[in-house]
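There are 2 protein chains.
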Amino acid sequence: MPATTGEASATSLFARHRDLLGRAVEACRTRRNWTAYPDDPAAHPAGEEGRAAAEQWFGGQLGRPFDLDQPGPVVVQDDEVSPYTGEPLGISYPRSDVDALVAAALAAWPAWRRASHEERVGVCLEACDRLYRHNLELAYAAMHTTGQSFPMSYAGSGTNAIDRGIEAVAQAHLAHERVAPSATWSRDFGSTTVRLDKRYRLVPLGLAVVIACASFPAWNAYPAVLANLVTGNPVVLKPHPSSVLQMALAVRILRETLADAGFDPALVSLSVDSAAEPVAKRLVQHEATRIVDFTGSAAFGSWIEQNARSARVYTETSGANFVVLESVDDLAPVLRAVAGSLCLFTAQMCTSPQNVYVPRDGLPTSDGVVPAEEVAARLAEAVRAISGTPRRAAAVMGAVQAQSTLELLARVRDEVAARGTVLLEPAAYEHPEHPAARTSGPLLGLVGLAEHDLFAQEQFGPVGFVVVADDAVQAIERATRDAREVGAITGFVYSTDEQFVELAEELSADAGVALSVNLTGPMPLNFSAAYSDYHVTGLNPAGTATLSDESFIAGRFRVVQSRRPHVGAGEEDA
Amino acid sequence: MPATTGEASATSLFARHRDLLGRAVEACRTRRNWTAYPDDPAAHPAGEEGRAAAEQWFGGQLGRPFDLDQPGPVVVQDDEVSPYTGEPLGISYPRSDVDALVAAALAAWPAWRRASHEERVGVCLEACDRLYRHNLELAYAAMHTTGQSFPMSYAGSGTNAIDRGIEAVAQAHLAHERVAPSATWSRDFGSTTVRLDKRYRLVPLGLAVVIACASFPAWNAYPAVLANLVTGNPVVLKPHPSSVLQMALAVRILRETLADAGFDPALVSLSVDSAAEPVAKRLVQHEATRIVDFTGSAAFGSWIEQNARSARVYTETSGANFVVLESVDDLAPVLRAVAGSLCLFTAQMCTSPQNVYVPRDGLPTSDGVVPAEEVAARLAEAVRAISGTPRRAAAVMGAVQAQSTLELLARVRDEVAARGTVLLEPAAYEHPEHPAARTSGPLLGLVGLAEHDLFAQEQFGPVGFVVVADDAVQAIERATRDAREVGAITGFVYSTDEQFVELAEELSADAGVALSVNLTGPMPLNFSAAYSDYHVTGLNPAGTATLSDESFIAGRFRVVQSRRPHVGAGEEDA
Chain A
849 MPATTGEASA TSLFARHRDL LGRAVEACRT RRNWTAYPDD PAAHPAGEEG
899 RAAAEQWFGG QLGRPFDLDQ PGPVVVQDDE VSPYTGEPLG ISYPRSDVDA
949 LVAAALAAWP AWRRASHEER VGVCLEACDR LYRHNLELAY AAMHTTGQSF
999 PMSYAGSGTN AIDRGIEAVA QAHLAHERVA PSATWSRDFG STTVRLDKRY
1049 RLVPLGLAVV IACASFPAWN AYPAVLANLV TGNPVVLKPH PSSVLQMALA
1099 VRILRETLAD AGFDPALVSL SVDSAAEPVA KRLVQHEATR IVDFTGSAAF
1149 GSWIEQNARS ARVYTETSGA NFVVLESVDD LAPVLRAVAG SLCLFTAQMC
1199 TSPQNVYVPR DGLPTSDGVV PAEEVAARLA EAVRAISGTP RRAAAVMGAV
1249 QAQSTLELLA RVRDEVAARG TVLLEPAAYE HPEHPAARTS GPLLGLVGLA
1299 EHDLFAQEQF GPVGFVVVAD DAVQAIERAT RDAREVGAIT GFVYSTDEQF
1349 VELAEELSAD AGVALSVNLT GPMPLNFSAA YSDYHVTGLN PAGTATLSDE
1399 SFIAGRFRVV QSRRPHVGAG EEDA
Chain B
849 MPATTGEASA TSLFARHRDL LGRAVEACRT RRNWTAYPDD PAAHPAGEEG
899 RAAAEQWFGG QLGRPFDLDQ PGPVVVQDDE VSPYTGEPLG ISYPRSDVDA
949 LVAAALAAWP AWRRASHEER VGVCLEACDR LYRHNLELAY AAMHTTGQSF
999 PMSYAGSGTN AIDRGIEAVA QAHLAHERVA PSATWSRDFG STTVRLDKRY
1049 RLVPLGLAVV IACASFPAWN AYPAVLANLV TGNPVVLKPH PSSVLQMALA
1099 VRILRETLAD AGFDPALVSL SVDSAAEPVA KRLVQHEATR IVDFTGSAAF
1149 GSWIEQNARS ARVYTETSGA NFVVLESVDD LAPVLRAVAG SLCLFTAQMC
1199 TSPQNVYVPR DGLPTSDGVV PAEEVAARLA EAVRAISGTP RRAAAVMGAV
1249 QAQSTLELLA RVRDEVAARG TVLLEPAAYE HPEHPAARTS GPLLGLVGLA
1299 EHDLFAQEQF GPVGFVVVAD DAVQAIERAT RDAREVGAIT GFVYSTDEQF
1349 VELAEELSAD AGVALSVNLT GPMPLNFSAA YSDYHVTGLN PAGTATLSDE
1399 SFIAGRFRVV QSRRPHVGAG EEDA
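Chains A and B, in that order, are what the protein sequence lines are. Each residue of the first sequence is one higher than the one before, starting from 849 at the first, in this note's numbering. Each residue of the second sequence is one higher than the one before, starting from 849 at the first, in this note's numbering.
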């Protein structure tokens, strides 16, 4: 795309993407299925060749400086190691000084805040389109930093994440449209009619800091960056030091889009740090920072909430997601579905279930009551059918993002062995294409309610607890109480008893947990659809940022008015 | 009104107030003039007799226990002294234990959170209607605690505050209507079509604490209480210890409305404390507290923002509001308008201007340039025309809420005398009906920009600084920079130069200040119209709670979903 100049270009971008915006707005309203871009890599306009070229592009990045026009020394990112090859990527990035990025962002800001809403929407949707056009490269970058399989990197970290970004733009567009830009107001004071012209402007809040996580950065970063940008706020994006490449490429695409539309690319910048010398606290506490979006650990999320004193904070941290088995018709598809979600991306997703409750007296099915131990054993078997079959495991599970996850897994395994029964040892599988890949099948443990301290927290990674409860009512009460206290994003309930389903819905709603009922079949249990599924409720400690409702947008701009005596013939007040 | 039973009643309340809701919604959308109830006491349905009865009612409260069915010892409120009589009201209120109020609110909560949106809207609008029907009593209560004149107590603290409450209900209604209650979602996964029924519930956040200020409690408390209540959250309202009576009566009316509709009155309760033994911190830090609305000092507002760790916080604190005189046609009406707003309720309003900037080289008018000192002198004269005429002063200025304001006034007066010129000594006026009233005309000082530390903060009360600047551009830059740094809610600019007006609009928007341009005439400068004027922007330290936009509502409820396989013939996805 040739470089064009400013305003005209941004306005024409709005026209170019107007239809897509309309469809996204409609999807947000109806919450029916829609997606801007197909999630099958084979459908990408670049085709099979494009995929090969993208893989080659990725190979070409290794051991070299990443091309990003930001100030500062260019330093090799030692923390970035491919979970598939075990080798450092060896890519170097500019280590831009925080103050320099902030100063550049603030210097770039005036033109962006003065731009029209349509110009900003146009630029943001153009950026989404370009992210899609580069989605094959972005997918390889995601794969070799997060450990996701290529199809998941392409869809979950790609098209689906872009959809979440478009959703944020659409919600911001709706919020913008709802504010009357002006009004003529007239009222009598005594015998005099006072007539005022009022003008209402949407004013952005200020510098936004987006802190991305290691295992799934795009899914939260795209909506946060775009929500900030479209409402007029400049953004500094800080990726996790072990998962930089995809975010670096995304930032470059955003900067190019801004520059091509005539804006200063410094409106979006990348702040790279290292595990040894983190900069997140400096960014959060920078006096210019007005908005923080954070995805990561509960501990750091809580630090931010307590220390980001001049900023509005949106978080997604962690929680103890649950499955409650109350009664089923056919057990096999239920266990397949649960096993699938325990395996999906090695359970490194914030929506992965962890605690699977079964009733002590067994699970009623249409073939009779299945004893709790047998349910547990059959679940272990269903998991093993995935994790023990390398080709399937590779497609479903991918690799383990962080070495520390394996260490946690070993610790939890020993705890389970000491306090319950290890149903399934967390064994590595051999990746058919990447023999050096860091992999692990799930640990599945059988524990009683007494081991509450063990399962009433997120054990990040492929950890599943089969928890034996007195009955399903006790189970859903325990699970939702834990959600209120330590957080949970998703819950899954299986029951043929409508009364129980209703109870589960009530308790889950009270605890702020998105519930799925009797879900089986080909859709992964924890699939969250942009425009339709609300992700994170803000009602429990798992976070405050809902993708993407009005609360995700409302604080990022404010309304400022100006009023003056009405001039002219006196448009009548209705 | 006879007590009725639960659901039916609340639903019929919605029907009863449906038309009013529609008109409020329309006013929020268009931001044109509308008001639910006339603000002239003479138009009250109870008529002149009603006013006399209300005054009698007030007299009957003095020295007696206030009838409020809450637990705890009934204690005389020593801090409550009428600014008009100088006498303690001697009214005693239940000093309910914080934990007891919270426990009762949480026990009452389930039925309220399960109530339909229409039921809650019905109850809230019925409460507004009853507040209006009791507005004569409420006005006397406001008058003898805040020091407002009766007309202001009736309008500003009455009908206008009720309008702000209805506005919050209307905004919440719009927010509710925008969330699709359900959707059928279908998508292909491989060769299988997955079809899900999704249900989206609005879930309230939890216990809400509303902390009201001393001088104008209803204006912020009504919208905060109603915004919380209509979105399903129980409320504990803590009035300022010197300004309890109006809030106590409002809480009683709300409790009666709830009870008559079949709900537990404990959904709204009054937490009375004393200056010696405050409970605000305990309420804010209570583990059950999820929402805090605060109006009061910047210092305590900042403490809340830093210490209310489990709660979402909405604040309105203080700021240094400004007037910039750049050029005018006719100076006299401008000075009358500015003087009026320096006098209105003795400048004890968060919208009162404080710093009046004049250009060093004088103010261009159509009659030539008026020297800065002459502008200052003529402004002092315009103020004296009000404050020196007891009958006018009584109507415009009312009385001084707190003794400490007079002390502050004396201190600032001495500072001005030492560092500038006292243009107008802050002299008491003799109230024609209440000879013991605590009154004060404004202090008006002439200072240079060097006295920045003196005027770049809110000096609460009748303090006006005439600040001599090099020119109007310097003035608007200084005023808006101060707004960004210490907060400001309103700004007033007078200029015949469209370019300067544009600059003032840009800078004020950037600083989050609601600007009025070239405003003269019978409407008080700092009049803020419900449904039309956005009050507080959240862009500067003067507060985060905008009356009443989407951001004032968005955090008070969240959306929680439940999804399950679609049952039935398969409604097609559009």
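Even glycine gets a Cβ: it sits at the ideal position worked out from N, Cα and C. Quick caveat: nothing in here was measured; it's all calculated off a predicted structure.
For this session: Go through the region 1070-1119 of chain B residue by residue and report every complete run of the beta strand (DSSP E) that reaches 3 residues or more, in order.
Result: 1083-1086 and 1116-1118
Exercise. Listing by chain order, which chain B residues have their CB less than 9 Å from the CB of A/Asp1330?
Worked result: Correct list: empty, because the minimum Cβ distance to chain B is about 16 Å.
Exercise. Are the Cβ atoms of A/Thr859 and B/Pro1370 separated by less than 7 Å?
Worked result: no
Exercise. Whole beta strand (DSSP E) runs in the region 926-1004 of chain B with 3 or more residues, listed along the chain?
Worked result: 940-942
Problem set entry | Helix, strand or coil at B/Arg1406 according to DSSP, with G and I counted as helix | strand
Exercise. If you draw a straight line from the C-alpha of B/Val1161 to the C-alpha of B/Val1140, how long is it?
Worked result: 5 Å
Exercise. Applying a beta-carbon distance threshold of less than 8 Å, which residues of chain A neighbour B/Tyr1162?
Worked result: Near B/Tyr1162 there are no residues of chain A at all, since even the closest Cβ is about 11 Å away, more than 8 Å.
Exercise. So the beta strand (DSSP E) B/Ser1030 belongs to, where does it begin and stop?
Worked result: Ser1030 to Phe1037
Problem set entry | Spatial distance of B/Val1415 from A/Ser1376 (CA atoms) | 20 Å
For this session: Only counting runs of 3 or more residues, tell me where the beta strand (DSSP E) segments fall wholly within the region 1129-1160 of chain A, in order along the chain.
Result: 1137-1143
For this session: Could you check what DSSP says for B/Ala1062 in three-state terms: helix, strand or coil?
Result: coil
Problem set entry | Alpha-carbon to alpha-carbon, B/Gln1019 and B/Val873 | 7 Å
Problem set entry | Complete alpha helix (DSSP H) runs within the region 1186-1254 of chain B (minimum length 4 residues, chain order) | 1220-1235 and 1238-1245
Exercise. Taking only beta-carbon atoms, is A/Tyr1342 less than 7 Å away from chain B?
Worked result: no
Exercise. Distance, Cα to Cα, A/Arg1157 vs A/Ala1390?
Worked result: 20 Å
Problem set entry | Sheet register partners of A/Ala1056 (DSSP bridge) | A/Val1083 and A/Ile1139
For this session: Find the nearest neighbour of A/Arg1144 within the set A/Gly1110, A/Pro913, A/Ala1069 and A/Val1316, judged by alpha-carbon distance.
Result: For the sequence presented, residue 1144 of chain A should be read as Gly rather than Arg. Measuring from the Cα of A/Gly1144, the nearest candidate turns out to be A/Ala1069.
Exercise. Roughly how many angstroms lie between the CA atoms of A/Ala863 and A/Gly970, to the nearest whole one?
Worked result: 7 Å
For this session: Please decide whether B/Val1408 counts as near chain A, where near means a Cβ-Cβ distance under 7 Å.
Result: yes
For this session: Find out if the Cβ-Cβ distance for the pair B/Ala1362, B/Thr1394 is shorter than 7 Å.
Result: no
For this session: Compile a chain-ordered list of the residues in the region 1353-1369 of chain A whose CB is closer than 9 Å to at least one CB of chain B.
Result: Glu1353, Glu1354, Ser1356, Ala1357, Asp1358, Ala1359, Gly1360, Val1361, Ala1362, Leu1363, Ser1364, Val1365, Asn1366, Leu1367, Thr1368 and Gly1369
Exercise. So with Cβ pairs under 7 Å, would you call A/Gly1188 a contact of chain B?
Worked result: no
For this session: Rank B/Pro1029, B/Glu1278, B/Phe1303 and B/Thr878 by C-alpha distance to the C-alpha of B/Gly1167 and give the top, closest one.
Result: B/Phe1303
For this session: Since I believe A/Phe1405 is in contact with A/Thr1079 (beta carbons under 8 Å), could you give me their beta-carbon distance rounded to a whole number of angstroms?
Result: 4 Å
Exercise. Do three or more CB pairs link the region 1095-1102 of chain A to the region 970-981 of chain A at distances below 8 Å?
Worked result: yes
Exercise. Leaving out five residues before and five after B/Val1260 in sequence, what residues of the same chain have Cβ atoms less than 7 Å from its Cβ?
Worked result: Leu1291, Gln1307 and Val1311
Exercise. What do you reckon, are the CB atoms on A/Val1244 and A/Ile1234 nearer than 7 Å?
Worked result: yes
Exercise. Can you list, in chain order, the stretches of the alpha helix (DSSP H) that have 4 or more residues and sit fully within the region 858-926 of chain B?
Worked result: 895-909
Exercise. Distance, Cα to Cα, B/Leu861 vs B/Glu967?
Worked result: 7 Å
For this session: Work out the CA separation of B/Gly1110 and B/Thr853 for me, nearest whole Å.
Result: With a pLDDT of only 49 at B/Thr853, under the threshold of 50, the placement of this residue in the model should not be trusted; the figure read from the coordinates follows. The straight-line gap from Cα to Cα measures roughly 5 Å.
Problem set entry | Residues of its chain near A/Ala1275, where Cβ-Cβ distance is below 6 Å and the 5 sequence neighbours each way are ignored | Gly1289
Problem set entry | Classification of B/Thr993 by the beta-carbon crowding that lies within 10 angstroms, buried from 16 upward | buried
For this session: With 7 Å as the C-beta to C-beta threshold (strictly closer), list the residues of the region 855-886 of chain B near chain A in chain order.
Result: Arg877, Thr878, Arg879, Arg880 and Asn881
Problem set entry | Whole-angstrom C-beta distance between A/Leu1211 and A/Pro1201, which should lie under 8 Å | About 16 Å; that fails the 8 Å criterion.
For this session: May I ask you to list, following chain order, the residues of the region 1123-1134 of chain A that have a beta carbon less than 9 Å from some beta carbon of chain B?
Result: none
Exercise. For B/Gly1216, is the classification buried or exposed, using 16 other Cβ atoms within 10 angstroms of its Cβ as the cut-off for buried?
Worked result: exposed
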